[in-house]
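Asks: Numbering (UniProt numbering), first residue to last: 1 to 304. What follows is a single structure, and I will ask about it in a moment.
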């Protein structure tokens, strides 16, 4: 399969706030202050004059204009219109305490459950909304036709990479996941044209994953990056970029919503690949299920 130029799936159909959140790390510190105000309360930002917003962000009106252009707006009037529309369509949780995703000190378990459930559901929904089916289709095509698939990820993203590898393996695709960077690098060095390498990193800045994906690309493999931030470093070594839309605040190190968002994309790709050859996938799933049947309590078969 001939390589296509790098294309990002963050084309903004999922909403302006998702788009701005994804670009936030690539903005200047002053622009980030503006972005955080906008993301936190789009309705309030839409009501502010450019002077009010600049003052609230402790920056200048010129910075607000630069921010507008950085996120694809012609100017501040267009931003206010888009923010007002965004605020009108947003669905907020019935419990106002969960808005924003922060879990304050002293929160009871009911509030923790409500906040996590709302943020996880929103991450999945917004990730699905902003995924570009055309780009997903090209990635599915590459994986379905690949001689071999390598999947890379570290930390929480490593669990997602392992899950993707297991899913592909169960439908008869030759797929590998190596949690150690050294074995991942040696595997990537053996890839070639017709193979696919998938790098998963929420921040897009995990050096191990970037290095391995770059190695795979130099060997001629098609490279795919799955990240939350479309301008992050991992996108520089990817032929195709798929983005999630997870916004985590309190206890971000737990990688909660981001992991579920990644799994949503992985499941879409997996089902897409399986659907390419339903008969083969069904037979493979039945065979692998049969192989472990005797290890289930209450199964009719006895263990050998």
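Just so it is clear, CB atoms sit at the ideal spot from N, CA and C, and this is done for glycine as well.
How do the segment 30-47 and the segment 77-90 stand: do at least 3 beta-carbon pairs fall below 8 Å, yes or no?
Replies: Short answer: they touch.
Asks: Whole angstroms is fine: what's the gap from residue 174's alpha carbon to residue 26's?
Replies: As a first step, residue 174 is located in the chain shown; it is residue number 174 there, counting from the start. As a first step, residue 26 is located in the chain shown; it is residue number 26 there, counting from the start. Approximately 36 Å, taken between the alpha carbons.
Asks: According to the Cβ coordinates, are residue 154 and residue 206 closer than 8 Å?
Replies: As a position in the chain shown, residue 154 is number 154, starting the count at 1. As a position in the chain shown, residue 206 is number 206, starting the count at 1. Taking 8 Å as the Cβ cut-off, residue 154 and residue 206 qualify as a contacting pair.
Asks: Could you check what DSSP says for residue 159 in three-state terms: helix, strand or coil?
Replies: Here residue 159 is taken as the residue at index 159 of the chain shown, counted from 1. It is helical.
Asks: Keeping to the same chain, check which residues put their C-beta closer than 6 Å to that of residue 18; ignore five residues upstream and five downstream.
Replies: Taking the chain shown and counting its residues from 1, the one referred to as residue 18 is at position 18. Correct list, in chain order: 126, 130, 245.
Asks: Buried or exposed: residue 190, going by 16 or more other Cβ atoms within 10 Å of its Cβ?
Replies: Numbered from 1 along the chain shown, position 190 holds the residue referred to as residue 190. Classification of residue 190: exposed, given that the 10 Å Cβ count is below 16.
Asks: Shortest alpha-carbon distance to residue 39 belongs to which of 120, 196, 229, 20?
Replies: Translated into positions along the chain shown, residue 39 becomes position 39. Of the candidates 120, 196, 229, 20, the one whose C-alpha sits nearest the C-alpha of residue 39 is 20.
Asks: Tell me the DSSP secondary structure of residue 71 in three-state form.
Replies: The residue you call residue 71 lines up with position 71 of the chain shown. The answer is coil: DSSP assigns residue 71 none of H, G, I, E or B.
Asks: Whose C-beta lies closer than 7 Å to the C-beta of residue 50 among residues of the same chain, with five residues either side of it excluded?
Replies: In the chain shown, residue 50 corresponds to position 50, counting from 1. If we look at residue 50 and ignore the five residues flanking it on each side, its Cβ neighbours are 61, 64, 76.
Asks: Compare the C-alpha of residue 68 against each of 162, 33, 89, 139 and name the closest.
Replies: Residue numbering aside, residue 68 sits at position 68 when the chain shown is read from its first letter. Minimum Cα distance to residue 68 is reached at 33.
Asks: Between which residues of its own chain and residue 253 is the CB-CB distance below 7 Å, once the five residues before and five after are set aside?
Replies: Along the chain shown, read from residue 1 onward, the residue named residue 253 stands at position 253. For residue 253, the pLDDT reaches just 45, beneath the cut-off of 50, and the residue's location in the model is therefore unreliable, leaving the point undetermined.
Asks: Bridge partners for residue 229 per DSSP, in chain order?
Replies: Locating residue 229 in the chain shown gives position 229, counting from the first residue. In DSSP, residue 229 forms no bridge with anything.
Asks: What ranges does the beta strand (DSSP E) occupy inside the UniProt domain "SIS" (139-279), keeping only unbroken runs of at least 3 residues that lie completely in it?
Replies: Runs found: 149-153, 175-177, 196-200, 222-227, 240-243.
Asks: Give every residue of the same chain whose Cβ lies closer than 7 Å to the Cβ of residue 231, excluding the five residues on either side of it in the sequence, and list them in chain order.
Replies: In the chain shown, the residue the question calls residue 231 occupies position 231. The answer, listed in chain order, is 23, 26.
Asks: With residue 313 and residue 224 assumed to form a contact (beta carbons below 8 Å), what rounded beta-carbon distance in angstroms separates them?
Replies: Any answer about residue 313 is impossible in this case: the structure gives the chain only from 1 up to 304.
Asks: Tell me which residue opens and which closes the alpha helix (DSSP H) that residue 33 is part of.
Replies: Your numbering for residue 33 matches position 33 in the chain shown. Its alpha helix (DSSP H) spans residues 29-40.
Asks: State the CB to CB distance for the pair residue 210 and residue 181, rounded to an integer number of angstroms; the pair is presumed to be in contact (CB under 8 Å).
Replies: For the purposes of this step, residue 210 is identified with residue 210 of the chain shown, where counting begins at 1. For the purposes of this step, residue 181 is identified with residue 181 of the chain shown, where counting begins at 1. Contact doesn't hold; Cβ gap of about 11 Å is too wide.
Asks: Can you give me the Cβ contacts of residue 57 inside the same chain, cut-off strictly under 6 Å, excluding the 5 residues immediately before and after it?
Replies: By 1-based counting over the chain shown, the position of residue 57 is 57. For residue 57, where only same-chain residues beyond five positions count, the Cβ hits under 6 Å are 33, 34, 37.
Asks: Within 10 angstroms of its Cβ, does residue 294 collect 16 or more other Cβ (buried), or is it exposed?
Replies: Counting from one through the chain shown, the residue named residue 294 turns up at place 294. Exposed.
Asks: Please name the residue, chosen from 176, 215, 128, 121, that lies closest to residue 146 on a Cα-to-Cα basis.
Replies: Numbered from its first residue, the chain shown carries residue 146 at position 146. Cα-wise, what sits closest to residue 146 is 176.
Asks: DSSP three-state label for residue 52, please.
Replies: Indexing the chain shown from 1 puts residue 52 at position 52. Helix, per DSSP.
Asks: Exposed or buried, residue 123, counting other C-beta atoms within 10 Å across all chains shown (16 or more means buried)?
Replies: What you label residue 123 is simply residue 123 of the chain shown in a count that begins at 1. The residue is buried, with at least 16 neighbouring Cβ atoms inside 10 Å.
Asks: Excluding the five sequence neighbours on either side, which residues of its own chain have a C-beta within less than 7 Å of the C-beta of residue 261, listed in chain order?
Replies: Against the chain shown, residue 261 aligns to sequence position 261. So the list reads 123, 124, 127, 244, 245, 246, once near-sequence residues are dropped.
Asks: Determine the direct distance from the alpha carbon of residue 157 to that of residue 107, and round the result to whole angstroms.
Replies: Along the chain shown, one-based indexing puts residue 107 at 107. Along the chain shown, one-based indexing puts residue 157 at 157. In a straight line, the C-alpha of residue 107 is about 28 Å away from that of residue 157.
Asks: How is the alpha helix (DSSP H) around residue 89 delimited, first residue to last?
Replies: Within the chain shown, numbered from 1, the residue matching residue 89 stands at position 89. Residue 89 -> alpha helix (DSSP H) spans 76-89.
Asks: Is it right to say residue 31 is buried, meaning 16 or more other beta carbons lie within 10 angstroms of its own, or is it exposed?
Replies: Numbered from its first residue, the chain shown carries residue 31 at position 31. Residue 31 should be labelled buried.
Asks: Can you give the Cα-Cα distance for residue 53 and residue 28, rounded to whole angstroms?
Replies: Within the chain shown, residue 53 is the residue found at index 53, counting from 1. Within the chain shown, residue 28 is the residue found at index 28, counting from 1. So the two alpha carbons sit approximately 16 Å from each other.
Asks: Looking only at C-alpha atoms, which of 270, 55, 292 sits nearest to residue 171?
Replies: Indexing the chain shown from 1 puts residue 171 at position 171. Per the Cα distances, 270.
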